[in-house]
Each structure stands twice: as structure tokens, then as C-alpha cells.
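Residues 955 to 1204, numbered by my numbering, are exactly what the sequence shown covers, in order.
For glycine and all other residues, C-beta sits at the position ideal for the given N, C-alpha and C.
Here the structure comes first, spelled out in C-alpha cells, and everything after it is commentary.
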Amino acid sequence: MTILLELDGVAKSFGAVRSLVDVTFAIEDRGIVGLIGPNGAGKSTLINVLTGVYPPSAGAVRFAGRSLAGLSTAERARTGLVRTFQRPHPILDLTCIEGVMVGGLCRGLSVAEARREARDKLELLGLAEVAELSPRKLPTGHLKLLDFLRVLMLHPRLVLLDELMAGLSLTELEVVQGAIEHLARNGVTFLVVEHLMDVIRRLSRHLVVMDAGQIVTEGEPAAVIRDPRVVEAYLGAEGESTAVTEVFHA
Ligand SMILES: Nc1ncnc2c1ncn2[C@@H]1O[C@H](COP(=O)(O)OP(=O)(O)OP(=O)(O)O)[C@@H](O)[C@H]1O
Ligand SMILES: [Mg+2]
């Protein structure tokens, strides 16, 4: 397996707040890696640093063998590194299908080609019926899925998903997880940030745990979830087994 993304000693501070401290790990090409950690652990900050929203305070990131230093978010997207947001970013003045098409137009497709591909993608996630609606009318879950489809239109190599699945219905969860697994089989790599442990258990081939800006542990998901350091990160101390069960089934 080759390494697609490599983080070496990445740090990010906002004044006195140390949101990321010496984060070092790698993501292999063609895999689904889970990233979990309690609220405020630094997961979204990590995604923001990887996509060039914030420059790191220290450390280096390499993607597909190339340093990302100095590249803008758009330049990173063009090299195949994209993300979705914890809170959706709809393009309010376009219809849903037009908002998805934007990804294809950025890739150089014609309007007709982008519309065809966007329609296929909407169908893939069961969203064909909202194609011509305004996103203003839609619930948050749908808006997040539209963001996801827009970045898929860029034909990315690595997709960073920041709690894409929070707030989706059980049917939507099933469809989205199936789509992610299908894309992963076809060469797309995912970093999946989620609090939903059933999703993490099903999708992750490798699991990374963060707390207070640092990597606590990483490895095979079932073993990582049982690790006492992970339990402590979530509960603040070695909790009773009933409490742990509740956390991991929340
Ligand atoms: N722009 C910013 N300015 C100041 N502090 C920030 C900023 N962005 C993040 N932080 C701080 O960095 C820490 C990590 O936040 P982050 O949003 O990365 O956590 P998270 O793991 O994504 O949490 P959640 O699970 O709640 O989404 C928090 O203490 C947060 O307040
Ligand atoms: Mg977050």
C-alpha cells in the first residue's frame, strides 16, 4: 500500500489555545480511515489545516508525494484533496442540481455534461426528486449530502468528511455508507470524522483517536475502541462499563 497523505508534527494554535499538538499519522491510498475524539478534540481544526483554511503553526503535510505548503484550498482541491463541512455550505441562489454541477464545471465539464453527471450522483444518494428545488427549502441532512455530491463531482482522491452523517435518517445513513464503500472500492480514499460509532465501526478499516489536539492511539478499529486510553478520552477517567457502552452506542 502506498501512502496518500502524511502529517508530520502538525500543530495549530489560536493564541493560547493549542488545538493541534504534534499530530503525526499517515493515510494509505484506497482506504477508509475513521477519526474520532470528544468535542473540541481538534478534528475539524485538522481538516481545516489539511485543506488550507488555516496554515499550520508547525509541521508538514504531504499529499500524493507533494508538500501542501503554501497551496490554497482551491489548489489542494485540484490535486484531489477535498472536504465537507460540519455545517453545510449550500449555494442558496442555485437549484440543488446546479449546486452539485459546480463541482463538474470546476473540473472543466460542459454544462450538459455536468448536468448529466450531477443527476446520476443525485440518484445515487436518492436525491433525484430535489434536483430542481432551492436548497433553502431543504433540511440540514439533505444540504450536507448536496455538499458531498458537489465535491465528488471534482473526482477527488481523498475526501475528508466532517460529521457528514450526523442528523441523517436511517435510510439516508444506509445509502450514504453504501456509496462511500462503493467509491472506496473504486479508488477514492476517505477520512471519516463521526461521533456515530455504528458508522465508524462499519466503515473504518483503520481508526485514529484524538483528544485535546493530540493523537491518543490508532489501529484496528475494534481494538482501538476497547483501548482504555480511548475510554478515558471520552469519559475523563476510566468509566464504568455501562457508561462506556452508552458512549459508544450514542
Ligand atoms: N478559529 C478558531 N479560533 C479559536 N479557537 C478555535 C478555532 N477553531 C477551533 N478552535 C478551538 O480548537 C479546539 C478544537 O476545536 P475543533 O472544532 O477542531 O474540535 P472538534 O474535534 O472538531 O470538536 P466537535 O466534535 O465538537 O466538532 C477547541 O478548543 C476550539 O474552541
Ligand atoms: Mg468538529
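Considering only residues of the same chain and omitting the five flanking positions on each side of residue i, which have a CB-CB separation below 7 Å?
i	result
proline 1010	Val964, Ala965, Lys966 and Val1003
aspartate 962	Thr978, Gly1013 and Ala1014
valine 1178	Leu1161, Val1163, Thr1171, Glu1172 and Val1184
histidine 1203	For histidine 1203, the predicted structure reports a pLDDT of 46, less than 50, and the residue's modelled location is therefore unreliable. The matter cannot be settled from this model.
glutamine 1040	Ser998, Asp1116 and Glu1117
valine 1129	Leu1079 and Gly1080
I think residue i touches residue j, with their Cβ atoms under 8 Å apart; what is that distance to the nearest whole Å?
i	j	result
leucine 1112	leucine 974	Not a contact, Cβ separation roughly 18 Å.
valine 1163	alanine 1133	With a Cβ gap of about 25 Å, valine 1163 and alanine 1133 do not count as contacting.
leucine 1108	arginine 1061	6 Å
valine 1142	proline 1110	7 Å
valine 1147	aspartate 1116	5 Å
Among the residues of its own chain, which have a CB less than 8 Å from the CB of residue i, if the five just before and after it don't count?
i	result
valine 1105	Ala1031, Val1036, Arg1037, Thr1038, Gly1057 and Val1113
arginine 1138	Checking the sequence, you will find alanine at residue 1138 rather than arginine. Hits under 8 Å: Arg984, Gly985, Ile986 and Phe1144.
valine 1054	Ala1072, Lys1075, Leu1076, Leu1100, Leu1103, Arg1104 and Met1107
glycine 1095	Gly1121, Leu1122, Ser1123 and Glu1126
alanine 995	Met1164, Asp1165, Ala1166, Gly1167 and Ala1187
leucine 1059	Val1065 and Ala1068
glycine 1006	Leu1022, Leu1025, Ser1026, Thr1027, Glu1029 and Arg1030
glutamate 1135	Ile986 and Leu1157
alanine 1176	Arg1155
alanine 1082	Arg1073 and Leu1076
tyrosine 1008	Lys966, Thr999 and Asn1002
glutamine 1131	Met1119, Val1153, Arg1156 and Leu1157
glutamate 1174	His1160 and Leu1161
Which residues in the same chain as residue i place their Cβ atom closer than 6 Å to its Cβ, once the five residues preceding and following it in sequence are excluded?
i	result
cysteine 1050	Val1084, Ala1085, Leu1087, Pro1089 and Leu1100
glycine 969	none
lysine 1098	Pro1042 and Leu1118
methionine 955	Glu982
aspartate 1181	Thr1171
isoleucine 951	The requested residue 951 does not occur in the structure, where the chain is confined to residues 955 to 1204.
asparagine 1140	none
Mind checking who residue i pairs with in its DSSP beta bridge?
i	result
threonine 1143	Leu1112
glutamine 1040	Answer is none; glutamine 1040 lacks a bridge partner.
glycine 1173	Leu1161
lysine 1091	Bridge partners of lysine 1091: none, in fact.
phenylalanine 968	Val971
leucine 961	Phe979 and Val1015
glutamine 1168	Asp1165
glycine 988	Val1146 and Leu1161
arginine 1020	Phe1017
leucine 1097	Leucine 1097 is not bridged to any residue.
leucine 1035	Leu1112
Closer than 7 Å to a non-hydrogen atom of ligand 4 - does that hold for the CB of residue i?
i	result
serine 973	Here the bound small molecules are ligand 1 and ligand 2; ligand 4 is not part of this structure.
Ligand 2 site residues, beta-carbon cut 7 Å against heavy atoms: Lys997, Ser998, Gln1040, Asp1116, Glu1117 and Val1147
Would you be able to state if there are at least three C-beta pairs under 8 Å between the stretch 979-995 and the stretch 1154-1168? Proximity of the stretch 1154-1168 to the stretch 979-995 meets the contact definition, three or more beta-carbon pairs being nearer than 8 Å.
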